[in-house]
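Below you'll find the structure, written out as C-alpha coordinates, and then a few comments.
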Amino acid sequence: AAGARGLDALINNAGIPIVGPVESLGMDRWRHQFEVNFFGHIAVTRAMLPLLRVARGRVVLVSSIAGLIGQPFLSPYSASKHALEALGDALRIELAPDGIGITLLEPGAIKTPIWKRGEENTRSVEDAMPPDQAARYGKRLERVKKMAADAEAKGLPPLACARAIARALTARRAPARIILGRDARFGAFFKWLLPARVFDLVLRQAFGV
1 AAGARGLDAL INNAGIPIVG PVESLGMDRW RHQFEVNFFG HIAVTRAMLP LLRVARGRVV
61 LVSSIAGLIG QPFLSPYSAS KHALEALGDA LRIELAPDGI GITLLEPGAI KTPIWKRGEE
121 NTRSVEDAMP PDQAARYGKR LERVKKMAAD AEAKGLPPLA CARAIARALT ARRAPARIIL
181 GRDARFGAFF KWLLPARVFD LVLRQAFGV
(Lines of atoms letter the chains of each structure in order from A and count residues from 1; the text may use other names and numbers.)
(Lines give C-alpha, C1' and ligand atoms only; values in the text may rest on other atoms or scores of the structure.)
Protein backbone atom coordinates (compact mmCIF):
# COMPACT_ATOMS: atom_id res chain seq x y z
CA ALA A 1 0.00 0.00 0.00
CA ALA A 2 2.86 2.39 0.76
CA GLY A 3 4.41 1.78 -2.63
CA ALA A 4 7.18 4.06 -3.80
CA ARG A 5 6.50 6.60 -1.06
CA GLY A 6 7.83 4.27 1.61
CA LEU A 7 6.71 4.14 5.25
CA ASP A 8 6.89 7.21 7.49
CA ALA A 9 6.44 5.47 10.84
CA LEU A 10 6.38 2.08 12.54
CA ILE A 11 5.04 1.75 16.08
CA ASN A 12 5.90 -1.55 17.77
CA ASN A 13 3.39 -1.81 20.60
CA ALA A 14 2.83 -5.54 21.15
CA GLY A 15 3.24 -6.55 24.78
CA ILE A 16 1.93 -9.05 27.32
CA PRO A 17 2.85 -9.61 30.98
CA ILE A 18 3.96 -12.99 32.34
CA VAL A 19 3.83 -12.76 36.13
CA GLY A 20 5.19 -15.12 38.77
CA PRO A 21 8.30 -16.26 40.65
CA VAL A 22 11.22 -17.35 38.48
CA GLU A 23 11.22 -20.90 39.85
CA SER A 24 7.50 -21.31 39.17
CA LEU A 25 7.57 -20.25 35.52
CA GLY A 26 8.24 -22.97 32.96
CA MET A 27 10.43 -22.28 29.95
CA ASP A 28 7.36 -22.25 27.71
CA ARG A 29 6.10 -19.15 29.53
CA TRP A 30 9.49 -17.43 29.23
CA ARG A 31 9.64 -18.18 25.50
CA HIS A 32 6.09 -16.93 24.97
CA GLN A 33 6.96 -13.69 26.77
CA PHE A 34 9.95 -13.05 24.52
CA GLU A 35 8.18 -14.12 21.33
CA VAL A 36 5.60 -11.37 21.79
CA ASN A 37 7.52 -8.62 23.56
CA PHE A 38 10.88 -8.95 21.81
CA PHE A 39 11.12 -11.26 18.80
CA GLY A 40 7.84 -9.94 17.40
CA HIS A 41 9.26 -6.41 17.41
CA ILE A 42 12.37 -7.61 15.59
CA ALA A 43 10.36 -9.46 12.94
CA VAL A 44 8.09 -6.52 12.16
CA THR A 45 10.94 -4.00 12.15
CA ARG A 46 13.04 -6.11 9.78
CA ALA A 47 10.07 -6.55 7.43
CA MET A 48 9.41 -2.79 7.32
CA LEU A 49 12.99 -1.53 7.06
CA PRO A 50 13.06 -1.33 3.23
CA LEU A 51 9.99 0.92 3.24
CA LEU A 52 11.24 2.96 6.20
CA ARG A 53 14.53 3.50 4.41
CA VAL A 54 12.76 4.93 1.35
CA ALA A 55 10.87 7.50 3.44
CA ARG A 56 13.64 8.03 6.01
CA GLY A 57 10.97 7.17 8.52
CA ARG A 58 10.92 6.58 12.25
CA VAL A 59 10.41 3.63 14.58
CA VAL A 60 8.89 3.79 18.06
CA LEU A 61 9.53 0.80 20.31
CA VAL A 62 7.02 0.80 23.17
CA SER A 63 9.12 -0.38 26.09
CA SER A 64 8.39 0.18 29.79
CA ILE A 65 9.96 1.54 32.94
CA ALA A 66 10.19 -2.17 33.77
CA GLY A 67 12.89 -2.34 31.10
CA LEU A 68 15.02 -0.07 33.27
CA ILE A 69 14.00 -1.48 36.66
CA GLY A 70 13.91 -5.26 37.16
CA GLN A 71 10.87 -5.96 39.30
CA PRO A 72 10.25 -9.07 41.45
CA PHE A 73 7.61 -11.46 40.09
CA LEU A 74 7.69 -9.53 36.82
CA SER A 75 11.07 -10.86 35.73
CA PRO A 76 9.97 -12.23 32.30
CA TYR A 77 8.26 -8.93 31.45
CA SER A 78 11.16 -6.84 32.77
CA ALA A 79 13.71 -9.02 30.97
CA SER A 80 11.86 -8.76 27.64
CA LYS A 81 11.62 -4.98 27.96
CA HIS A 82 15.29 -4.74 28.99
CA ALA A 83 16.17 -6.65 25.83
CA LEU A 84 14.03 -4.20 23.86
CA GLU A 85 16.03 -1.34 25.37
CA ALA A 86 19.27 -2.85 24.07
CA LEU A 87 17.68 -3.45 20.67
CA GLY A 88 16.58 0.18 20.45
CA ASP A 89 20.02 1.49 21.39
CA ALA A 90 21.69 -0.72 18.78
CA LEU A 91 19.18 0.11 16.04
CA ARG A 92 19.49 3.83 16.68
CA ILE A 93 23.19 3.65 15.84
CA GLU A 94 22.92 1.10 13.01
CA LEU A 95 20.22 2.99 11.15
CA ALA A 96 21.46 6.55 11.70
CA PRO A 97 23.25 6.60 8.30
CA ASP A 98 19.91 5.75 6.65
CA GLY A 99 18.14 8.65 8.35
CA ILE A 100 15.81 6.33 10.30
CA GLY A 101 15.06 7.61 13.80
CA ILE A 102 14.53 5.19 16.71
CA THR A 103 12.69 6.15 19.91
CA LEU A 104 12.20 4.02 23.02
CA LEU A 105 8.99 4.94 24.84
CA GLU A 106 9.25 4.03 28.53
CA PRO A 107 5.87 4.51 30.21
CA GLY A 108 4.90 3.78 33.75
CA ALA A 109 1.37 2.61 34.56
CA ILE A 110 -1.15 3.09 31.74
CA LYS A 111 -4.84 2.17 31.96
CA THR A 112 -5.08 -0.63 29.39
CA PRO A 113 -6.34 -4.26 29.38
CA ILE A 114 -2.78 -5.46 30.08
CA TRP A 115 -3.56 -5.36 33.81
CA LYS A 116 -6.50 -7.74 33.50
CA ARG A 117 -4.42 -10.10 31.36
CA GLY A 118 -1.67 -9.99 33.96
CA GLU A 119 -4.13 -10.92 36.71
CA GLU A 120 -5.43 -13.86 34.66
CA ASN A 121 -1.89 -15.01 33.99
CA THR A 122 -0.98 -14.80 37.68
CA ARG A 123 -3.93 -17.00 38.59
CA SER A 124 -2.87 -19.64 36.07
CA VAL A 125 0.67 -19.63 37.49
CA GLU A 126 -0.67 -19.94 41.04
CA ASP A 127 -2.93 -22.84 40.07
CA ALA A 128 0.06 -24.72 38.65
CA MET A 129 2.31 -24.23 41.68
CA PRO A 130 3.26 -27.21 43.84
CA PRO A 131 2.21 -26.86 47.51
CA ASP A 132 5.62 -25.74 48.78
CA GLN A 133 5.81 -22.88 46.26
CA ALA A 134 2.21 -21.87 46.91
CA ALA A 135 3.01 -21.60 50.62
CA ARG A 136 6.21 -19.67 49.95
CA TYR A 137 4.90 -17.18 47.39
CA GLY A 138 1.15 -16.97 47.99
CA LYS A 139 1.09 -13.85 50.17
CA ARG A 140 3.71 -12.12 48.04
CA LEU A 141 1.70 -12.67 44.87
CA GLU A 142 -1.39 -11.27 46.58
CA ARG A 143 0.67 -8.17 47.28
CA VAL A 144 1.68 -7.98 43.60
CA LYS A 145 -1.95 -8.24 42.50
CA LYS A 146 -2.94 -5.43 44.86
CA MET A 147 -0.10 -3.26 43.57
CA ALA A 148 -1.24 -3.92 40.00
CA ALA A 149 -4.80 -2.89 40.84
CA ASP A 150 -3.55 0.31 42.49
CA ALA A 151 -1.27 1.07 39.54
CA GLU A 152 -4.12 0.60 37.07
CA ALA A 153 -6.38 2.92 39.07
CA LYS A 154 -3.72 5.64 39.13
CA GLY A 155 -2.35 5.03 35.63
CA LEU A 156 -2.30 7.52 32.79
CA PRO A 157 -4.93 7.26 30.04
CA PRO A 158 -3.83 5.64 26.76
CA LEU A 159 -4.12 9.06 25.11
CA ALA A 160 -0.99 10.13 27.04
CA CYS A 161 0.94 7.37 25.26
CA ALA A 162 -0.54 8.35 21.91
CA ARG A 163 0.57 11.95 22.42
CA ALA A 164 4.08 10.85 23.38
CA ILE A 165 4.27 8.69 20.25
CA ALA A 166 3.08 11.60 18.12
CA ARG A 167 5.77 13.77 19.69
CA ALA A 168 8.43 11.16 18.87
CA LEU A 169 7.27 11.00 15.25
CA THR A 170 6.98 14.74 14.63
CA ALA A 171 9.92 16.19 16.57
CA ARG A 172 12.69 17.71 14.48
CA ARG A 173 14.94 14.91 15.66
CA ALA A 174 13.67 11.59 16.97
CA PRO A 175 14.28 11.51 20.75
CA ALA A 176 16.27 8.50 21.89
CA ARG A 177 13.97 7.98 24.88
CA ILE A 178 10.74 9.31 26.31
CA ILE A 179 10.06 8.43 29.95
CA LEU A 180 6.32 8.83 30.42
CA GLY A 181 4.54 9.31 33.73
CA ARG A 182 5.53 10.53 37.18
CA ASP A 183 5.97 6.99 38.49
CA ALA A 184 8.34 6.16 35.64
CA ARG A 185 10.36 9.35 36.08
CA PHE A 186 10.69 8.86 39.84
CA GLY A 187 11.65 5.21 39.38
CA ALA A 188 14.32 6.00 36.78
CA PHE A 189 15.73 8.83 38.90
CA PHE A 190 16.03 6.82 42.09
CA LYS A 191 17.41 3.81 40.22
CA TRP A 192 20.18 6.12 38.99
CA LEU A 193 20.65 7.91 42.33
CA LEU A 194 20.60 5.14 44.93
CA PRO A 195 23.13 2.36 45.50
CA ALA A 196 21.82 -1.02 44.33
CA ARG A 197 21.48 -2.36 47.87
CA VAL A 198 19.38 0.62 48.96
CA PHE A 199 17.22 0.52 45.83
CA ASP A 200 16.68 -3.22 46.37
CA LEU A 201 15.39 -2.46 49.86
CA VAL A 202 12.94 0.07 48.43
CA LEU A 203 11.60 -2.53 45.98
CA ARG A 204 11.47 -5.22 48.65
CA GLN A 205 9.36 -2.97 50.83
CA ALA A 206 7.09 -2.04 47.93
CA PHE A 207 6.56 -5.67 46.90
CA GLY A 208 6.40 -7.06 50.43
CA VAL A 209 9.41 -9.35 49.93
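Per this note's numbering, residue 1 is the first one in the sequence shown, and the count goes up by one each step. Ideal Cβ placement from N, Cα and C applies to all residues, glycine included.
When the options are compared against residue i, the one with the closest alpha-carbon
i, options, result
"ILE18", "SER124, LEU95 and GLU152", "SER124"
"ILE178", "VAL44, THR45 and THR103", "THR103"
"SER24", "THR45, LEU180, PRO130 and ASN13", "PRO130"
"PHE199", "ILE69, ARG167, ASN121 and LEU95", "ILE69"
"ARG167", "ASP127, ILE11 and LEU91", "ILE11"
"PHE207", "ALA176, TYR137, LYS191 and PRO175", "TYR137"
"PRO158", "ALA149, ASN13 and ARG173", "ASN13"
"THR122", "LYS111, ARG172 and MET147", "MET147"
"LYS139", "VAL209, PRO175 and GLY40", "VAL209"
"GLU126", "LEU141, ARG117 and PRO113", "LEU141"
"LYS145", "ARG182, ARG117 and LEU193", "ARG117"
"PHE73", "TRP30, PHE189 and PRO113", "TRP30"
"GLU152", "PRO195, LYS111, ARG92 and MET27", "LYS111"
"ALA171", "ALA2, SER75, GLY101 and ALA86", "GLY101"
Opposing strand residues paired with residue i [DSSP bridges]
i, result
"VAL59", "LEU10 and ILE102"
"ILE110", "LEU156"
"ILE178", "LEU105"
Other residues of its chain near residue i: CB distance less than 6 Å, five sequence neighbours each side excluded
i, result
"HIS82", "GLY67"
"LEU169", "ALA9 and ARG58"
"SER80", "GLN33, PHE34, ASN37 and PHE38"
"LEU180", "PRO107 and ALA164"
DSSP state of residue i mapped onto helix, strand, coil
i, result
"ARG92", "helix"
"LEU203", "helix"
"SER64", "coil"
"VAL209", "coil"
"ARG172", "coil"
"VAL198", "helix"
"ILE18", "coil"
"GLN71", "coil"
"PRO130", "coil"
"ALA47", "helix"
"GLY26", "coil"
"ALA188", "helix"
"ALA2", "coil"
Presumed contact (8 Å Cβ cut-off) between residue i and residue j, rounded CB distance
i, j, result
"GLU106", "ALA47", "Actually they do not touch by this definition, with Cβ atoms about 24 Å apart."
"GLY88", "LEU61", "5 Å"
"SER78", "GLN71", "5 Å"
"GLY99", "ARG56", "4 Å"
"VAL54", "GLY6", "3 Å"
"HIS41", "LEU95", "Actually they do not touch by this definition, with Cβ atoms about 14 Å apart."
"GLY233", "ILE93", "Residue 233 lies beyond the stretch modelled for the chain, which goes from 1 to 209, so this question has no answer here."
Contacts around residue i, its chain only, beta-carbon distance under 8 Å, and the 5 residues preceding and following it disregarded
i, result
"GLN133", "PRO21, GLU23 and SER24"
"LEU156", "PRO107, GLY108, ALA109, ILE110, LYS111, LEU180 and GLY181"
"ILE114", "GLY15, ILE16 and PRO17"
"CYS161", "VAL62, LEU105, PRO107, ILE110 and LEU180"
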